[in-house]
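Q:
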Amino acid sequence: MKIALVHDYLTQRGGAERVFELLCQRYPEADIFTSVYDPEQTVDLGNRIVHTTGLQKIPGAAKYFRMLAPFYFPAFRSLDLQDYDLIISSSSSFAKAVKKRKGAQHICFCHNVTRFLWDTKTYLREYGDYHYFYPLIELIFRKMREVDRVYAQEPDLYIANSSIVARRINQHYGKPALVINYPINSGNFAFSNDKENFYLASARLISYKRIDVIVEAFNWLGLPLFIIGDGPERQRLESKALKNVRFLGHVSDAERKYLMSKACSVVVAALEDYGLVPVEANASGTPVIAYGAGGVIDTQIPGHTGVFFYRQSPDAIQNALLAAKEIQWDYGKIRHHALSHFSEQAFFSKVERAIADTVSSIA
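Residue numbers (this note's numbering): 1 to 363.
Spelled out as C-alpha cells, the structure:
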C-alpha cells in the first residue's frame with residue numbers, strides 16, 4: 001500500500017507537528033507533503049524528502065505563513081496524489097482538501113475545525129488592530145467557510161483528538177468523527193520522583209494560551225515560574241512579570257525534558273482543543289494545574305493527575321495552586337496513567353484498527 005502523509009504547514013513546533021512527527025516515524029516509507037516547509041523551525045524529519053506546494057517559492061512564506069490563508073486550498077488541491085492508495089492528512093485547516101484518486105482512502109487526523117474561520121474573533125484577538133479590518137475579513141472568511149465545508153467532505157474518516165473536537169467536526173462539517181486521544185512520544189520525557197521548587201508553563205506566547213493570567217497569579221503568590229516558548233505576546237508579558245517569573249524562550253528538547261520532570265506542576269490556562277502539554281507533564285510524573293474545559297477533560301483525573309480551575313482568572317489559578325500543594329502526589333502513578341493511556345503503542349493500536357476498518361469498508 002502506497003501512503004502519503006500530508007500536513008498543513010511545517011513551519012513551527014506545536015502539538016499538531018509532534019503528532020505528525022510520530023506518524024512519519026510510524027510510516028517510514030510514506031511520502032511527505034505540506035504547503036510550506038522550514039526545517040529549522042519545525043520537527044525533525046531527518047533525511048526524508050518533503051514535497052511542498054508552489055507557496056514554498058514565495059519569499060517569506062515560511063515566516064508569514066498565516067498571511068497566505070486564502071491560497072492554501074488551491075495549493076493543496078494542486079498536489080498530485082493520484083499514485084497513493086492511502087492518504088493520511090494531519091490538519092487543523094487546509095490539508096484535508098487534498099484530492100485522492102478513485103478507490104483510494106483518505107483518513108484525516110483533525111486537530112480542530114479551521115479555527116480562524118469558525119472562531120474568528122477569538123483567533124484574531126492577539127492581533128490588536130484586527131477590528132479595524134473586521135468587515136473585510138468577515139466578507140472573505142464567509143466565502144472561505146463555504147469552501148472549507150465543501151473540502152471537509154473529502155476524507156473518508158475523521159479521527160478527532162478529543163470529544164470536543166469531534167463535536168465541532170460534526171457541527172460545522174456534518175461528518176462523524178472517531179475519537180482517539182493523541183499520544184506523546186514517551187521517549188522524549190523522563191520520570192523524576194524528586195521535584196524542585198519551581199512551576200512550569202510551556203506554550204506559544206499568543207493570547208488564547210492565557211499566559212497573562214498565569215503570570216499575574218504568580219506575581220501575587222511570588223512562587224518561581226519558568227515559561228518555555230516564544231511568540232508575539234512575549235514583550236507584553238515580560239513587561240508585566242515580576243522577578244520570580246522567568247521567560248526561557250525556545251529551549252532544547254533535553255532542557256524541556258529536564259524541566260518537565262523536575263517541576264512541581266505544569267500550569268495550563270488555555271481552553272485547548274486537546275493539549276499535549278498536560279499529557280507530556282504526566283508522562284514526566286508531574287501533575288497539571290489546568291483550566292478545566294476542553295481536551296483536559298479527556299486526559300486528566302482531578303486529584304490524581306492534576307487539579308482543575310474553572311475560571312481563566314488569577315485568583316482561580318492561585319486557589320488551584322494552593323490546593324495542589326496540599327495533595328500528596330504519587331508521581332509514579334501519574335506517569336503510569338499517561339503511558340498506559342497515551343503512549344504511541346496505545347495510540348497506534350487504535351489507529352491501525354481504524355485504518356483497517358476504513359479500508360475494508362470502502363474496498
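Note that CB positions come from ideal geometry on N, CA and C, so glycine has one too.
Residue 11 by DSSP, collapsed to three states: which one?
A: Coil, per DSSP.
Q: Is residue 104 helix, strand or coil by DSSP?
A: Reduced to three states, the DSSP call for residue 104 is coil.
Q: Please work out which residues of its chain come closer than 8 Å, Cβ to Cβ, to residue 27, disregarding the five sequence neighbours upstream and downstream, and give them in chain order.
A: Taken in chain order, the residues that qualify are 3, 5 and 88.
Q: In this structure, does DSSP put residue 113 in helix, strand or coil?
A: Coil.
Q: Less than 8 Å between the CB atoms is what I'm expecting for residue 76 and residue 61, so what's the real figure, rounded?
A: In fact, because the Cβ distance is near 14 Å, the residues do not count as touching under 8 Å.
Q: My understanding is that residue 7 touches residue 95, with C-beta atoms under 8 Å, so please give their C-beta distance in whole angstroms.
A: The pair is a contact, with the Cβ atoms about 6 Å apart (cut-off 8 Å).
Q: Between residue 237 and residue 212, which are expected to be in contact by the criterion C-beta below 8 Å, what is the C-beta distance as a whole number of angstroms?
A: With a Cβ gap of about 6 Å, residue 237 and residue 212 count as contacting.
Q: In whole angstroms, what separates the C-alpha of residue 13 from that of residue 351?
A: Roughly 23 Å between the two C-alpha positions.
Q: Would you kindly report the start and end of the unbroken alpha helix (DSSP H) that includes residue 166?
A: Per DSSP, residue 166 belongs to the alpha helix (DSSP H) from 163 to 173.
Q: For residue 341, which residues does DSSP report across the bridge?
A: For residue 341, which the question treats as bridged, DSSP gives no partner whatsoever.
Q: Would residue 250 be called buried (16 or more neighbouring beta carbons within 10 Å of its own) or exposed?
A: With fewer than 16 other Cβ atoms within 10 Å, it is exposed.
Q: Distance, Cα to Cα, residue 194 vs residue 263?
A: Rounded to the nearest angstrom, the two C-alpha atoms are 9 Å apart.
Q: When we look at the beta-carbon of residue 173 and count the other beta-carbons within 10 Å, is it buried (16 or more) or exposed?
A: With 16 or more other Cβ atoms within 10 Å, it is buried.
Q: Span of the beta strand (DSSP E) holding residue 234?
A: No beta strand (DSSP E) contains residue 234, which is instead part of the alpha helix (DSSP H) from 234 to 240.
Q: What is the C-beta distance between residue 286 and residue 261, in whole angstroms, given that I count them as a contact (C-beta under 8 Å)?
A: Contact holds; Cβ gap of about 7 Å.
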